[in-house]
Structure formats: structure tokens, C-alpha cells
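Asks: Following this message is one structure expressed as C-alpha cells.
Numbering (the numbering used here), first residue to last: 1 to 70.
See the structure below:
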């Protein structure tokens with residue numbers, strides 16, 4: 001899928017009330033994002049990476065199945 005298509009999907013999400021949306025890989029590397037707030041896209045990317053890392057740690061501690069998306 002092209003980056004332009006990913007951005008279009010993210011813009012549609014933001015049009016429905018989200019302030020920021022992004023696609024990231026399993027390591028937290030942002031592939032595409034759309035931010036509609038005054039927050040820097042770098043801040044949003046950093047928050048997403050932290051969220052992915054925290055969810056992975058919680059999964060390991062609770063012995064849950066591997067997560068594929070959130």
C-alpha cells in the first residue's frame with residue numbers, strides 16, 4: 001500500500017473525531033501519520049512508540065497472545 005493511500009485513510013479517521021492517527025510497524029517506526037492538533041508529529045510518533053513498547057511489556061507479563069494490531 002502506498003504512503004499516499006495510508007495518509008488518506010488516516011485523514012478519514014481524523015475527520016471522524018481523532019486528533020492524530022498513524023500507522024507504525026511492530027518496532028514503533030511510523031510509516032504514515034496525520035495530526036490535526038497543534039502537537040508536533042514527532043511527539044505523536046514518540047507517544048505511539050512508547051504505547052507499543054508498554055503494550056508489549058504488559059503482554060509478556062500477563063502471558064497474553066501476540067498482538068497484531070491495536
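Backbone N, C-alpha and C fix where the C-beta goes; we use that ideal spot for every residue, glycine too.
Buried or exposed, going by whether 16 or more other CB atoms sit within 10 Å of the CB of residue 53?
Replies: Within the chain shown, the letter at position 53 stands for residue 53. So residue 53 counts as exposed.
Asks: Drop a sphere of 10 angstroms on the beta-carbon of residue 22, count the other beta-carbons inside from all chains shown, and report buried for 16 or more, exposed for fewer.
Replies: Along the chain shown, read from residue 1 onward, the residue named residue 22 stands at position 22. Taking every protein chain shown into account, the CB of residue 22 has 16 or more other CB atoms within 10 angstroms, so this residue is buried.
Asks: Tell me the rounded alpha-carbon separation between residue 2 and residue 32.
Replies: Start at 1 with the first residue of the chain shown, and residue 2 comes out as number 2. Start at 1 with the first residue of the chain shown, and residue 32 comes out as number 32. Rounded to the nearest angstrom, the two C-alpha atoms are 10 Å apart.
Asks: Grab me the residues of residue 35's own chain with a C-beta within less than 7 Å of its C-beta, minus the 5 sequence neighbours each way, in chain order.
Replies: By one-based count along the chain shown, residue 35 stands at place 35. Contacts found: 20, 41 and 44.
Asks: Rounded to whole angstroms, what's the CA-CA distance from residue 15 to residue 26? Just pull it up for me.
Replies: Taking the first residue of the chain shown as 1, we reach residue 15 at position 15. Taking the first residue of the chain shown as 1, we reach residue 26 at position 26. Looking at the two C-alpha atoms, the distance is approximately 26 Å.
Asks: Residue 53 by DSSP, collapsed to three states: which one?
Replies: As a working note, residue 53 is residue 53 in the chain shown. Residue 53: helix per DSSP, three-state reduction.
Asks: Go ahead and label residue 51 buried or exposed: buried means 16 or more other beta carbons lie within 10 angstroms of its beta carbon, across all protein chains shown.
Replies: Counted from its first residue, the chain shown places residue 51 at position 51. Result: exposed.
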